[in-house]
Amino acid sequence: MTPTEFRAWFATLPPNYQSAARTMYDNARKSGTHTASSLALIHTLVTDQIKFDSEFNL
1 MTPTEFRAWF ATLPPNYQSA ARTMYDNARK SGTHTASSLA LIHTLVTDQI KFDSEFNL
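Take the sequence shown: its position 2, counting from 1, is numbered 2 in full-length UniProt numbering, and each next residue is one higher.
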């Protein structure tokens with residue numbers, strides 16, 4: 001995932017998920033592991049959390 005794709009996706013997130021994604025991004029950047037694959041991983045984790053929340057928080 002490119003940074004441009006990540007920013008476009010990030011802008012569509014509700015605020016609580018933006019906060020979670022921002023924290024993951026900041027942690028990856030601080031640890032020196034910030035890569036395109038880390039952006040894809042953050043995307044996957046947040047997307048899965050949104051799906052989980054929508055299924056189990058009726």
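Glycine is no exception: its CB is placed at the ideal position from the N, C-alpha and C atoms.
Query, Result
"Given a cut-off of 8 Å, decide if Tyr25 and Ile42 are closer than it, judged by their beta-carbon atoms.", "yes"
"With a threshold of 7 Å, establish whether the CB of Ala40 neighbours any heavy atom of the ligand GTP.", "The ligand GTP is not part of this structure, which contains no ligands at all."
"Run through DSSP, which three-state label would His43 get?", "helix"
"Short check: CB of Leu39 to CB of Met1, under 8 Å?", "yes"
"Is Ala8 buried or exposed, if buried means 16 or more other CB atoms sit within 10 Å of its CB?", "exposed"
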